[in-house]
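A.B. asks:
Chains as they are written, first to last, in this note's numbering: chain P, 1 to 104; chain H, 1001 to 1225.
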């Protein structure tokens, strides 16, 4: 039995609390890093706002090749930074060797 | 391509030939695996992209109305309203095998089955924007879970494809040429020894014939004398 967690600035994540997700408001990147490491065993999905995710990329990278947890960047209330899409693009590049999906 | 440092013997040759057969077979299998995985991956990543666009759009809507609610309500009221959630979500995780890659399958259960009854607060002290934000969020949640599953699967598949591609290339451009070269080298070396042997035998035979002739000649001489 796993839980779902949300990490981000308070205003972006508070709403998820009403849905029964575990909400962790953070302000410092170091705090987010510590949280992710602590949550890794208990949580199957960790949503993280892109504003926070951009500072803890290396920590997120650690869990990329593991089956659990799935750390998924979502846009915060300041809009999307394109990190989530960038990740999808990156995995295409990793698999195919070149980006063949996102070229416009 | 460098030839391996092996003794050019017949035994080594058979051993290498066996290895080459295995390498060829492995190469073919891995190539097939890579192609199939790539097909699956591209399918997955396309739907992943669409889903992400949709989720991001919906989340932005939810954020917009949440921001207004936040502006209208005081922090205390807002926090109090959301402090004790009615709903709780738990995940059941099983694994699915896509081309020998284990990807998670996420099944989520909510405690509350009534999707209209998700608001953990009374409506009297909060504004309508908050209701809207929560409603949109609860609508987007299933999509977010689907997104998590797809993205994780795509990441894991990408990793496996990268690994398989490396193996295919290593076999195709290093192992197989090296083995072929070495086999050729041993065959040529063995042939060369064979030829050397043959010439030596012929030479020995000549020498022996020569000796025999001389012996016979001597015998006649002594007979005549």
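Ideal Cβ positions, reconstructed from N, Cα and C, are used throughout, including at glycine.
Which residues does DSSP list as the beta-bridge partners of residue 49/P?
C.D. replies: 74/P
A.B. asks: Give me the Cα-Cα distance between residue 5/P and residue 45/P, rounded to the nearest whole angstrom.
C.D. replies: 6 Å
A.B. asks: With distances taken from CA atoms, which of 1108/H, 1004/H and 1100/H is nearest residue 1091/H?
C.D. replies: 1108/H
A.B. asks: DSSP three-state label for residue 1108/H, please.
C.D. replies: strand
A.B. asks: Candidates 89/P, 16/P, 8/P and 11/P: which alpha carbon is nearest residue 1141/H's?
C.D. replies: 16/P
A.B. asks: Taking any Cβ of chain H, which residues in the region 17-31 of chain P have a Cβ under 7 Å from it, in chain order?
C.D. replies: 17, 18, 19, 20 and 21
A.B. asks: On the DSSP letters alone, give me the boundaries of the alpha helix (DSSP H) that residue 29/P sits inside.
C.D. replies: 29-39
A.B. asks: Going by DSSP, which residues form a beta bridge with residue 1095/H?
C.D. replies: 1104/H
A.B. asks: Please report how far the alpha carbon of residue 1103/H lies from the alpha carbon of residue 64/P, in whole angstroms.
C.D. replies: 12 Å
A.B. asks: According to the Cβ coordinates, are residue 49/P and residue 29/P closer than 9 Å?
C.D. replies: no
A.B. asks: Assign residue 53/P to one of two classes, buried (16 or more other C-beta atoms within 10 Å of its C-beta) or exposed (fewer than that).
C.D. replies: buried
A.B. asks: Taking residue 1088/H as the reference, which of 1038/H, 1111/H and 1066/H has the closest Cα?
C.D. replies: 1111/H
A.B. asks: So, for residue 101/P: in the same chain, excluding its five sequence neighbours on each side, which residues have a beta-carbon less than 6 Å away from its beta-carbon?
C.D. replies: 92
A.B. asks: Is there contact here, the region 32-40 of chain P with the region 1142-1154 of chain H, by at least three beta-carbon pairs under 8 Å?
C.D. replies: At 8 Å Cβ cutoff, the stretches do not touch.
A.B. asks: Please classify residue 1094/H as buried or exposed, where buried requires at least 16 neighbouring CB atoms within 10 angstroms.
C.D. replies: exposed
A.B. asks: Between which two residues does the beta strand (DSSP E) carrying residue 7/P extend?
C.D. replies: That run of the beta strand (DSSP E) goes 3-8.
A.B. asks: Any contact of the region 68-82 of chain P with the region 1062-1077 of chain H, i.e. 3+ C-beta pairs under 8 Å?
C.D. replies: yes
A.B. asks: DSSP three-state call for residue 1023/H: helix, strand or coil?
C.D. replies: In the structure shown, residue 1023/H sits in a helix (DSSP, three-state: H, G or I).
A.B. asks: Using only CA atoms, which one of 83/P, 85/P and 14/P lies nearest to residue 1075/H?
C.D. replies: 14/P
A.B. asks: Nearest by alpha-carbon distance to residue 1007/H: which of 1023/H, 1183/H, 1168/H and 1081/H is it?
C.D. replies: 1183/H
A.B. asks: Would a check of beta-carbon distances place residue 1062/H closer than 9 Å to chain P?
C.D. replies: yes
A.B. asks: If we ignore side chains and look at the alpha-carbon of each, how far apart do residue 1072/H and residue 60/P end up?
C.D. replies: 35 Å
A.B. asks: For the alpha helix (DSSP H) that residue 22/P lies in, which residues bound it at each end?
C.D. replies: Secondary structure note for residue 22/P: it is in no alpha helix (DSSP H), and the uninterrupted beta strand (DSSP E) holding it is 22-25.
A.B. asks: Rounded C-beta distance between residue 1201/H and residue 1026/H? I'm assuming under 8 Å.
C.D. replies: Residue 1201/H to residue 1026/H, Cβ: 43 Å. No contact.
A.B. asks: Assign residue 12/P to one of three DSSP states: helix, strand, or coil.
C.D. replies: The answer is helix: DSSP assigns residue 12/P an H, G or I state.
A.B. asks: According to the neighbour-count rule (16 or more other Cβ atoms, all chains shown, within 10 Å of its Cβ), is residue 1124/H buried or exposed?
C.D. replies: exposed
A.B. asks: Any contact of the region 1183-1196 of chain H with the region 1006-1020 of chain H, i.e. 3+ C-beta pairs under 8 Å?
C.D. replies: At 8 Å Cβ cutoff, the stretches touch.
A.B. asks: If we require 4 or more residues per run, which alpha helix (DSSP H) segments fall completely within the region 1024-1076 of chain H?
C.D. replies: The region 1024-1076 of chain H contains no whole alpha helix (DSSP H) run of 4 or more residues.
A.B. asks: Interface residues of chain P around residue 1161/H at Cβ under 7 Å?
C.D. replies: 95
A.B. asks: Can you tell me whether DSSP reads residue 1090/H as helix, strand or coil?
C.D. replies: Residue state for residue 1090/H is assigned as strand, using DSSP reduced to three classes.
A.B. asks: Quick one: measure Cβ to Cβ for residue 1162/H and residue 1099/H, integer angstroms, because I've assumed they're closer than 8 Å.
C.D. replies: Their Cβ separation, rounded to whole angstroms, is 14 Å, which puts residue 1162/H and residue 1099/H out of contact at 8 Å.
A.B. asks: Is it buried or exposed for residue 12/P, if we count other Cβ within 10 angstroms and need 16 for buried?
C.D. replies: buried
A.B. asks: Run down chain H in chain order and give the residues with a C-beta less than 9 Å from the C-beta of residue 8/P.
C.D. replies: Within 9 Å Cβ-Cβ: nothing; residue 8/P doesn't reach chain H, min ~11 Å.
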